[in-house]
Amino acid sequence: MNCSHLGQALIHQARCRSFLSPPTHLALRRRFYVQTSVPLLQQQLLQSPQSATRADLEPASSLWPSRSSRASLVPPPKNTRHFPVRRYSQFTKMTLNNFTKKHKVTVIGSGNWGTTVAKLVAENCAEHPNTFEKDVQMWVYEENVTLPKDSKHFDASIGEQPQKLTHIINTYHENVKYLPGIPLPQNIVANPSLVDAVKDSSILIFNLPHEFIGNICRQIKDHIAPYARGISCIKGVSVTDDKIELICNYISENLNIYCGALSGANIASEIANEQWCETTIAYNTPVVDKRDENGRPVADGESNSNDVASGHSKELTPLPLDYPPLDHDEWALLFSRPYFTVSMVSDIVGVSLAGALKNIVAIACGYVEGHGWNMTAKTAVMRRGMQETIRFANEFFPGQIEPSTFWEESAGWGDMIVSCTSARNWRCSKLAVERNLPIEEVEKTELNGQKLQGISTTREVCSFLRAKGAEERYPVFMAVERIINQEIKVEEIPKLFK
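In terms of numbering that gives the first Met the number 0, the sequence shown opens at residue 0 and continues consecutively.
In structure tokens:
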């Protein structure tokens, strides 16, 4: 039995035992595809002790949850880009040295995805007290919430009087509105004050609809630590007239900090329930933050402007040396969980664009399925949608992407497939056709006050394409906008393929 057949057999066996979700099947299939492309290299490394040992080929401790011992997989070689990041790195040892400060973490946003990210980050902060402060601040847009009588948190002395959402989260450790039924770590602190939540934080995690990022940046600009570093979990782009900007770059430029991006085949409800999946984090450690193996700065003090590697055009304030370093290993330490495998890359543009543009394709697939067409029709739309995504990246961000991101990372095809078969943009557009309603109406009734990223992203991207005179090169993107605006019918989609 060759590697490919073995992989298929293991996936089928695990599926029959019903412990893997669809994103997990997808992750396994992607990983087996990668593994079967390097069997020769694995064999050479195992036969060459000078270049590698068996210890080098051990899997990362975060690759499988404990219950996955039913399957035994051989990981790719350590010196390939596919090797999963270890949860304990050479820099983890430095955290036991003389760092006098710990990283304070703030999650900006408390929807279902924001709360889920806060949950897994808080779990890691509690487990790594030498590196991170235990408490994780989570900024919550304050709302009044009424607990029903059948809620386990119902208090007869309060009755059905509305309560502040932050009070409910901090008292009962559950986001009853956006992530009901999921117990949250007690070290998550829900904070209604955005300014207070970000104060003195060295790590900012942005997780809210991209339409609000401008207002958020204006509010916190003068209140964050100048050396703070960020990760954007926002899947969208910022468009003004004929200019398009990645959300992480928008954050970097407006706050004068460095910001990476997280994206992948991730469904918040599944991750919150600790069903295994994988994600991609793109981060280029700024030159001013790079350190040698002894923790000393690699660059001199004059290298902190025009950091080409980070894509940041302004002068960055270095992360103080009394903090543990922030590089690929440390970000993996913060985000990796036994149920959440992290792959670290440097392709910020590819990861960001894949995460934003797949929402447009997901809406198209929902329209197709709602119309009654089968999986082959959806596959055609996904294929053409990925073509347009890569074309967009190459045309408007030339020389700034790594093609392998779209084919080999969770942020690429992985996210595309999951979004087009089970995520909220797909679901709402499917319901819109079935109910003969505008997608905005479905958004209001189905998402409990949350927003579909795909609608605004579609309109912004199509506006940008019109400004550039590029509409004809992106028929799927443009058709989705016209269907949203009720200018054409779903039945016209096949005409795009002629």
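Glycine included, every Cβ here is placed at the ideal spot set by N, Cα and C.
Collapsed DSSP secondary structure at residue i in the structure displayed
{"i": "glutamate 506", "result": "Outside the shown range of the chain (0 to 497) lies residue 506, about which nothing can therefore be said."}
{"i": "glutamate 292", "result": "coil"}
{"i": "threonine 279", "result": "strand"}
{"i": "alanine 260", "result": "strand"}
{"i": "glutamine 136", "result": "strand"}
{"i": "serine 109", "result": "coil"}
{"i": "serine 335", "result": "coil"}
{"i": "phenylalanine 131", "result": "strand"}
{"i": "lysine 148", "result": "coil"}
{"i": "asparagine 447", "result": "coil"}
{"i": "glutamine 162", "result": "strand"}
{"i": "glycine 453", "result": "helix"}
{"i": "glycine 235", "result": "coil"}
{"i": "asparagine 484", "result": "coil"}
{"i": "aspartate 154", "result": "coil"}
{"i": "valine 297", "result": "coil"}
{"i": "serine 351", "result": "helix"}
{"i": "threonine 99", "result": "coil"}
{"i": "glutamate 244", "result": "strand"}
{"i": "serine 462", "result": "helix"}
{"i": "threonine 115", "result": "helix"}
{"i": "asparagine 143", "result": "strand"}
{"i": "glycine 468", "result": "coil"}
{"i": "serine 251", "result": "helix"}
{"i": "isoleucine 230", "result": "strand"}
{"i": "serine 342", "result": "strand"}
Beta-carbon contacts of residue i that lie in its chain and below 8 Å, excluding the five residues immediately before and after
{"i": "threonine 278", "result": "Leu261, Ser262, Gly263, Ala264, Asn265, Phe334, Phe339, Thr340, Val341, Ser342, Ser409, Ala410"}
{"i": "methionine 381", "result": "Val360, Cys364, Met415, Ile416, Cys419"}
{"i": "valine 194", "result": "Gln218, Ile219, His222"}
{"i": "phenylalanine 153", "result": "Leu146, Pro147"}
{"i": "asparagine 447", "result": "Lys176, Tyr177"}
{"i": "aspartate 199", "result": "Lys103, Ala224"}
{"i": "isoleucine 438", "result": "Ile362, Cys427, Ser428, Ala431, Leu451, Ile454, Ile483"}
{"i": "valine 139", "result": "Ser109, Leu164, Thr165, Ile168, Ala189, Asn190, Pro191"}
{"i": "proline 583", "result": "Nothing can be reported for residue 583, as the shown portion of the chain is limited to 0 through 497."}
{"i": "glutamate 537", "result": "Nothing in the structure corresponds to residue 537, since the chain is present only between 0 and 497."}
{"i": "glutamate 499", "result": "Outside the shown range of the chain, which is 0 to 497, sits residue 499, and nothing can be said about it."}
{"i": "glutamate 401", "result": "Val344, Ser345, Asp346, Gly349"}
{"i": "glutamate 173", "result": "His152, Ile167, Pro179, Gly180, Ile181, Pro182, Leu183"}
{"i": "proline 319", "result": "Lys100, Tyr226"}
Pairwise C-alpha distance: residue j and residue i
{"i": "alanine 196", "j": "threonine 165", "result": "12 Å"}
{"i": "isoleucine 223", "j": "valine 348", "result": "25 Å"}
{"i": "phenylalanine 486", "j": "proline 474", "result": "According to the sequence as given, residue 486 is glutamate; it is not phenylalanine. Looking at the two C-alpha atoms, the distance is approximately 14 Å."}
{"i": "threonine 456", "j": "glutamate 480", "result": "10 Å"}
{"i": "glutamate 210", "j": "asparagine 293", "result": "42 Å"}
{"i": "glutamate 141", "j": "glycine 108", "result": "11 Å"}
{"i": "proline 285", "j": "serine 351", "result": "18 Å"}
{"i": "glutamate 445", "j": "proline 179", "result": "15 Å"}
{"i": "glutamate 491", "j": "glycine 369", "result": "14 Å"}
{"i": "lysine 289", "j": "tyrosine 226", "result": "13 Å"}
{"i": "phenylalanine 476", "j": "phenylalanine 395", "result": "15 Å"}
{"i": "proline 128", "j": "valine 120", "result": "12 Å"}
{"i": "leucine 315", "j": "glutamate 252", "result": "10 Å"}
{"i": "alanine 478", "j": "cysteine 276", "result": "32 Å"}
{"i": "lysine 443", "j": "lysine 494", "result": "31 Å"}
{"i": "phenylalanine 391", "j": "phenylalanine 405", "result": "12 Å"}
{"i": "arginine 472", "j": "isoleucine 157", "result": "59 Å"}
{"i": "glutamine 162", "j": "proline 208", "result": "24 Å"}
{"i": "lysine 488", "j": "glycine 384", "result": "18 Å"}
{"i": "leucine 325", "j": "proline 317", "result": "11 Å"}
{"i": "glutamine 386", "j": "alanine 155", "result": "57 Å"}
{"i": "glycine 354", "j": "isoleucine 280", "result": "11 Å"}
Neighbourhood of residue i by C-beta distance below 6 Å, restricted to the same chain and skipping five residues each side
{"i": "isoleucine 181", "result": "Ala271"}
{"i": "threonine 388", "result": "Leu356"}
{"i": "tyrosine 282", "result": "Gly259, Trp330"}
Cut-off 7 Å between Cβ atoms - residues of its own chain near residue i, not counting five sequence neighbours on either side
{"i": "tyrosine 322", "result": "Phe98, Lys100, His102, Ser201"}
{"i": "glutamate 459", "result": "Val236, Val238"}
{"i": "cysteine 247", "result": "Ser231, Cys258, Gly259, Ala260, Ile347, Ser351"}
{"i": "cysteine 124", "result": "Val104, Phe131, Glu132, Lys133, Val135, Asn186"}
{"i": "alanine 267", "result": "Asn111, Trp112, Thr115"}
{"i": "asparagine 358", "result": "Lys234, Ser418, Asn424, Gln452, Gly453, Thr456"}
{"i": "alanine 379", "result": "Phe496"}
| query | When the Cβ atoms of the segment 317-336 are set against those of the segment 219-232, are three or more pairs found closer than 8 Å? | reply | yes
| Between the segment 233-246 and the segment 463-471, are three or more C-beta pairs nearer than 8 Å? | yes
| query | Three or more beta-carbon pairs under 8 Å between the segment 351-370 and the segment 420-428, yes or no? | reply | yes
| field | Contained beta strand (DSSP E) runs [length at least 3] in the segment 170-211, N- to C-terminal order | value | 187-190, 202-205
| Length at least 4, wholly inside the segment 365-438: the alpha helix (DSSP H) runs in chain order | 374-395, 403-407, 414-418, 423-434
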